[in-house]
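Participant: The numbers in numbering that gives the first Met the number 0 rise by one with no breaks, and the one at position 35 of the sequence shown is 34. From the three backbone atoms N, C-alpha and C, an ideal C-beta is built for every residue, glycine too. Structure in structure tokens, see below.
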Amino acid sequence: MKRVNLVWPVVFFSLCSITAGNLLAGESTALARITQDVTYLASDELQGRGPGTEGLDKAAQYIRDEFQRLGLKSGVPDGSYFQPFEITLGESPVPAETHLVLHAPDGTEWSLDLGEQFVPFFTGEDVTVSAPVVFAGYGITAPDLQYDDYRNVDVEGKIVLVIRREPQQDLADSRFDGRNTTAHSYIVNKLKQATDHKAAGVLLVNDPFTARKEKADAFLPSNPGVRNAKIPFAMLKMEIADKIFSQTPIRAGDNTLRSLEEIESYIDQRMEPVSMELPGWTARLAFRFRRETVSVVNVIGVLEPADPNVQDTIVIGAHYDHLGNGGFGSRRPNSREIHNGADDNASGTAALLELARRFSARPERLSRRLVFAAFSAEERGLLGSNYYVSHPLFPIENTVAMVNFDMIGTLRNNQLEVHGVGSGKGFEPLVDEAAKSTDLSIKKIPGVMAASDHYSFYRNKIPVVFFFTGLTDTYHTPDDDVERLNMEGMVRIIDYAERFLELLAQHPERIAYVEAPSQPRRRGGMASLGIVPDYAAEVSGVRVSSVRPDTPAARAGIQTGDVIVKLGDMAIPDLEALAEALRQHRPGETVTVVVIREENEVQLQVQLAAPGRGS
Numbered sequence: 000m001k002r003v004n005l006v007w008p009v010v011f012f013s014l015c016s017i018t019a020g021n022l023l024a025g026e027s028t029a030l031a032r033i034t035q036d037v038t039y040l041a042s043d044e045l046q047g048r049g050p051g052t053e054g055l056d057k058a059a060q061y062i063r064d065e066f067q068r069l070g071l072k073s074g075v076p077d078g079s080y081f082q083p084f085e086i087t088l089g090e091s092p093v094p095a096e097t098h099l100v101l102h103a104p105d106g107t108e109w110s111l112d113l114g115e116q117f118v119p120f121f122t123g124e125d126v127t128v129s130a131p132v133v134f135a136g137y138g139i140t141a142p143d144l145q146y147d148d149y150r151n152v153d154v155e156g157k158i159v160l161v162i163r164r165e166p167q168q169d170l171a172d173s174r175f176d177g178r179n180t181t182a183h184s185y186i187v188n189k190l191k192q193a194t195d196h197k198a199a200g201v202l203l204v205n206d207p208f209t210a211r212k213e214k215a216d217a218f219l220p221s222n223p224g225v226r227n228a229k230i231p232f233a234m235l236k237m238e239i240a241d242k243i244f245s246q247t248p249i250r251a252g253d254n255t256l257r258s259l260e261e262i263e264s265y266i267d268q269r270m271e272p273v274s275m276e277l278p279g280w281t282a283r284l285a286f287r288f289r290r291e292t293v294s295v296v297n298v299i300g301v302l303e304p305a306d307p308n309v310q311d312t313i314v315i316g317a318h319y320d321h322l323g324n325g326g327f328g329s330r331r332p333n334s335r336e337i338h339n340g341a342d343d344n345a346s347g348t349a350a351l352l353e354l355a356r357r358f359s360a361r362p363e364r365l366s367r368r369l370v371f372a373a374f375s376a377e378e379r380g381l382l383g384s385n386y387y388v389s390h391p392l393f394p395i396e397n398t399v400a401m402v403n404f405d406m407i408g409t410l411r412n413n414q415l416e417v418h419g420v421g422s423g424k425g426f427e428p429l430v431d432e433a434a435k436s437t438d439l440s441i442k443k444i445p446g447v448m449a450a451s452d453h454y455s456f457y458r459n460k461i462p463v464v465f466f467f468t469g470l471t472d473t474y475h476t477p478d479d480d481v482e483r484l485n486m487e488g489m490v491r492i493i494d495y496a497e498r499f500l501e502l503l504a505q506h507p508e509r510i511a512y513v514e515a516p517s518q519p520r521r522r523g524g525m526a527s528l529g530i531v532p533d534y535a536a537e538v539s540g541v542r543v544s545s546v547r548p549d550t551p552a553a554r555a556g557i558q559t560g561d562v563i564v565k566l567g568d569m570a571i572p573d574l575e576a577l578a579e580a581l582r583q584h585r586p587g588e589t590v591t592v593v594v595i596r597e598e599n600e601v602q603l604q605v606q607l608a609a610p611g612r613g614s
């Protein structure tokens, strides 16, 4: 367990002697209640609330039990409060049917040990391939940098052995952007280059520089970004590559290179590729995978309105899942520490519970139905909220607004961000009126951030408001722990949200939906394209959910439903790659964007704009 910072409010230290029963019976302050909620939800006991973990189940039961205790009606007809759905965690190799065998020039056969000497990655299908092996350096083709590992070697129909990352990583004046990592090092781009050169498969090995720095020759974690690459791909231990080179050295001019270290050093010094066929070497790959699925639940509690004939519904939401032990979604992909997700999103879940307590305790019901929804699998791509919208427990046409809480635990400079104010005609006066009851500085943001559960509702033309206190350095890391949160700030945010929801629920007219600007969660200094991505699409690329009017995408002819697969020289397998590609370009630059439209490849010339009008 992680130690608690001793500068915490005194109330925290009394929690250990206060039972959940009397805390939740109203014999405590709001500060104590939300502190208990966050402390439990973000404890190591809950294992980071990752999908498929007992900890996520415990979190769901904790929320369900509180809804029951408060007298909220189950939002699910069977009375369970649980709306179940299945998600895919990924694919894992079937040991008995997964093999990698190397055949050496001297006739010997090396059958490598799965998990010890090699690891395969799922790239869209099971595969069986047998082909000669070619060494292709770092697997990079970068004409703009006058570097091409494929320049003098034919890899068509062959399996390429490539080195991870890129040359000259420790040189400040490297043509690969100094010591910064460029997009050429991305696995998805290496696979794309191998595919473009018609290779039959890819064997990746760690680069010595990274192995020295990390003091380990570690396999990469599961990489969902490669799942639709459509080329066989596995990673080898460095010792296997060194055995190959010891038998079949790389010839570079008058030099004989017998190890990865020697190859790395040679390329770093000269920036000259040393790719070559490996005579007599063949590899036989047989990769079989099983899909791992797991059932998770949204937890739904309901407060009916004062008039039982009223069908207007307000959804109050927060996601309660997080990243478990890291890997998928972690900003420290090699870490396997528990990612407790105190801010993201035990904080929002605590707000959901506290608001349920407050509204259920009122002697008179409000004028509209309140649906309290704790969503699961948000971190997997808004899957829980997407499922709810696709399988609504109350008609979508009667859902008049959605109010979302995600990461409200780090109030700084007294400022609360309220996003989506421009998505509903009439939201702004309510936001301003509620502000009269608080000394918080309310930053009104008209746009809709396309990175949390409210977006699933917004895509279905439902007005949304999103409460947010901003990203921190601990976002999606193991350091997002309880002791870093501003609990008193959370109480003040909940106080404000309670007043806003009261005004919204009692408003005499429905808030009318208005199309609002889209705002990704993290922008950095990237140029803007002007599309809203489809976060739920399971495609290789970025499917366009909508195109913002009067943006680069609209002017270039990008259409809803297009799948962006390339921007400039960079392959786009997923949204992170698109964001990185946009960071590589400046506003005003014209780039070629390749999209798949109705199974046809379409090339479009796009003049990028400054940030502020979509992705």
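My guess is that Val463 and Tyr457 are in contact by the Cβ rule of under 8 Å, so how many angstroms apart are they, rounded?
Facilitator: Taking the sequence shown and counting its residues from 1, the one referred to as residue 463 is at position 464. Taking the sequence shown and counting its residues from 1, the one referred to as residue 457 is at position 458. Indeed, because the Cβ distance is near 5 Å, the residues count as touching under 8 Å.
Participant: To the nearest angstrom, how far is it from the Cα of Glu53 to the Cα of Asp320?
Facilitator: Counting from one through the sequence shown, the residue named residue 53 turns up at place 54. Counting from one through the sequence shown, the residue named residue 320 turns up at place 321. Near 12 Å, if we compare the C-alpha coordinates of Asp320 and Glu53.
Participant: For Leu111, which residues from the same chain have a beta carbon less than 6 Å from its beta carbon, with the 5 sequence-adjacent residues on both sides left out?
Facilitator: Numbered from 1 along the sequence shown, position 112 holds the residue referred to as residue 111. Correct list, in chain order: Leu99, Phe117.
Participant: Could you please give me the residues that DSSP links to Ala161 through a beta bridge?
Facilitator: Stepping through the sequence shown from its first residue, residue 161 is reached at position 162. Before going on, a small fix: residue 161 reads as Val here, not Ala. Paired residues: Leu203.
Participant: With DSSP collapsed to three states, give me the class of Val513.
Facilitator: Numbered from its first residue, the sequence shown carries residue 513 at position 514. Correct three-state label for Val513: coil.
Participant: Less than 9 Å between the beta carbons of Thr626 and Asp479, yes or no?
Facilitator: Because the chain in this structure spans residues 0 to 614, residue 626 falls outside the shown range and cannot be described.
Participant: If you compare alpha carbons, which of Leu503, Arg596, Val295 is closest to Arg367?
Facilitator: Along the sequence shown, one-based indexing puts residue 367 at 368. Of Leu503, Arg596, Val295, the residue nearest in Cα terms is Leu503.
Participant: Is DSSP giving Asp36 helix, strand or coil here?
Facilitator: As a position in the sequence shown, residue 36 is number 37, starting the count at 1. In this structure, Asp36 counts as helix in the three-state DSSP scheme.
Participant: Nearest to Glu96 by alpha carbon, out of Ile186, Ser129, Arg289, Leu160?
Facilitator: Within the sequence shown, residue 96 is the residue found at index 97, counting from 1. Ranking the options by Cα distance to Glu96, first place goes to Arg289.
Participant: For Glu600, which residues of its own chain have a beta-carbon under 7 Å away from its beta-carbon, when the five flanking residues on both sides are left out?
Facilitator: Taking the sequence shown and counting its residues from 1, one reaches residue 600 at position 601. Within the same chain, Glu600 has close Cβ partners Val593.
Participant: With DSSP run on the structure shown, which of helix, strand or coil describes Tyr457?
Facilitator: In the sequence shown, the residue the question calls residue 457 occupies position 458. Residue state, collapsed to three classes: helix.
Participant: Determine the direct distance from the alpha carbon of Ser79 to that of Val204, and round the result to whole angstroms.
Facilitator: Looking up residue 204 in the sequence shown gives position 205. Looking up residue 79 in the sequence shown gives position 80. Computed Cα separation, rounded: 49 Å.
Participant: Hey, would you say Pro278 sits closer than 9 Å to Thr247, going by beta carbons?
Facilitator: Working through the sequence shown from its first residue, we reach residue 278 at position 279. Working through the sequence shown from its first residue, we reach residue 247 at position 248. In contact: Pro278 and Thr247 (Cβ atoms closer than 9 Å).
Participant: Less than 9 Å between the C-beta atoms of Val541 and Asp494, yes or no?
Facilitator: To locate residue 541, count along the sequence shown from 1; it is residue 542. To locate residue 494, count along the sequence shown from 1; it is residue 495. For Val541 and Asp494, no; Cβs fall outside 9 Å.
Participant: If you reduce the DSSP assignment to three classes, tell me which class Pro278 lands in.
Facilitator: For the purposes of this step, residue 278 is taken as residue 279 along the sequence shown, with counting starting at 1. Residue state, collapsed to three classes: strand.
Participant: Pro428 lies in the alpha helix (DSSP H); which residues open and close that run?
Facilitator: By one-based count along the sequence shown, residue 428 stands at place 429. 426-434 is the span of the alpha helix (DSSP H), which, as asked, contains Pro428.
Participant: Once DSSP output is grouped into helix, strand and coil, what is the label at Arg257?
Facilitator: Position 258 of the sequence shown, counted from the first residue, corresponds to residue 257. Looking at Arg257 - three-state DSSP - the assignment turns out to be coil, as it is neither helix nor strand.
Participant: Tell me the start and end of each unbroken beta strand (DSSP E) in the region 27-102 that is at least 3 residues and wholly inside, in chain order.
Facilitator: Within the region 27-102, the complete beta strand (DSSP E) runs of at least 3 residues are 81-92, 98-102.
Participant: Measure the beta-carbon distance from Phe374 to Val417 and round it to whole angstroms, keeping in mind my assumption that it falls under 8 Å.
Facilitator: Residue 374 sits at position 375 when you count from the first residue of the sequence shown. Residue 417 sits at position 418 when you count from the first residue of the sequence shown. At roughly 20 Å, the Cβ-Cβ gap does not stay under 8 Å, so Phe374 and Val417 are not in contact.
Participant: What are the boundary residues of the beta strand (DSSP E) that Ala504 is part of?
Facilitator: Position 505 of the sequence shown, counted from the first residue, corresponds to residue 504. Run containing Ala504: none in the beta strand (DSSP E); it sits in the alpha helix (DSSP H), 486-505.
Participant: If you scan the region 285-367 from start to end, which runs of the beta strand (DSSP E) of 3 or more residues do you find wholly inside it?
Facilitator: 288-302, 312-318, all fully within the region 285-367.
Participant: Report the rounded CA-to-CA distance for Phe81 versus Leu55, giving the unit in angstroms.
Facilitator: Mapped onto the sequence shown, residue 81 falls at position 82. Mapped onto the sequence shown, residue 55 falls at position 56. Going by the C-alpha atoms only, they are around 13 Å apart.
Participant: Alpha carbon to alpha carbon, how far is Ile299 from Met237?
Facilitator: For the purposes of this step, residue 299 is identified with residue 300 of the sequence shown, where counting begins at 1. For the purposes of this step, residue 237 is identified with residue 238 of the sequence shown, where counting begins at 1. When rounded, the distance between both Cα atoms is 50 Å.
Participant: In whole angstroms, what is the alpha-carbon distance linking Gly106 and Val132?
Facilitator: Position 107 of the sequence shown, counted from the first residue, corresponds to residue 106. Position 133 of the sequence shown, counted from the first residue, corresponds to residue 132. Looking at the two C-alpha atoms, the distance is approximately 15 Å.
Participant: For Glu487, which residues from the same chain have a beta carbon less than 6 Å from its beta carbon, with the 5 sequence-adjacent residues on both sides left out?
Facilitator: Here residue 487 is taken as the residue at index 488 of the sequence shown, counted from 1. None.
Participant: Could you give the distance in angstroms between the alpha-carbon of Lys57 and the alpha-carbon of Leu45?
Facilitator: Here residue 57 is taken as the residue at index 58 of the sequence shown, counted from 1. Here residue 45 is taken as the residue at index 46 of the sequence shown, counted from 1. When rounded, the distance between both Cα atoms is 7 Å.
Participant: Indicate whether Ile186 and Asn227 have their beta-carbon atoms separated by less than 9 Å.
Facilitator: Within the sequence shown, residue 186 is the residue found at index 187, counting from 1. Within the sequence shown, residue 227 is the residue found at index 228, counting from 1. Not a contact, by the Cβ cut-off of 9 Å.
Participant: Verify whether the separation of the beta carbon atoms of Val370 and Phe404 is less than 9 Å.
Facilitator: In the sequence shown, counting from the first residue as 1, residue 370 sits at position 371. In the sequence shown, counting from the first residue as 1, residue 404 sits at position 405. Contact: no.
Participant: Look at the Cβ atom of Val546, then the Cβ atom of Ile530, and state whether they are nearer than 9 Å.
Facilitator: The residue you call residue 546 lines up with position 547 of the sequence shown. The residue you call residue 530 lines up with position 531 of the sequence shown. For Val546 and Ile530, yes; Cβs fall inside 9 Å.
Participant: Tell me whether the region 344-353 and the region 325-335 touch, counting them as touching only if at least three CB pairs, one residue from each stretch, are closer than 8 Å.
Facilitator: Counting Cβ pairs under 8 Å, fewer than three are found: no touch.
Participant: Do you know offhand how far Ser539's Cα is from Gly123's?
Facilitator: Residue 539 sits at position 540 when you count from the first residue of the sequence shown. Residue 123 sits at position 124 when you count from the first residue of the sequence shown. Distance between the alpha carbons of Ser539 and Gly123: 10 Å.
Participant: Whose C-alpha, out of Val430, His183, Val605, Thr127, is nearest the C-alpha of Arg287?
Facilitator: Working through the sequence shown from its first residue, we reach residue 287 at position 288. Closest option to Arg287, Cα to Cα, is Thr127.
Participant: Could you give the residue range of the alpha helix (DSSP H) that holds Ser389?
Facilitator: By 1-based counting over the sequence shown, the position of residue 389 is 390. Ser389 -> alpha helix (DSSP H) spans 382-389.
Participant: Taking the alpha-carbon positions, what's the Pro92 to Ala305 distance?
Facilitator: Locating residue 92 in the sequence shown gives position 93, counting from the first residue. Locating residue 305 in the sequence shown gives position 306, counting from the first residue. Their backbone Cα atoms lie some 55 Å apart in a straight line.
Participant: Less than 9 Å between the beta carbons of Thr437 and Arg491, yes or no?
Facilitator: Position 438 of the sequence shown holds residue 437. Position 492 of the sequence shown holds residue 491. Yes, these two residues count as a Cβ contact at 9 Å.
Participant: In three-state DSSP terms, what is Asp147?
Facilitator: If you number the sequence shown from 1, residue 147 lands on position 148. Asp147 falls in the strand class under three-state DSSP.
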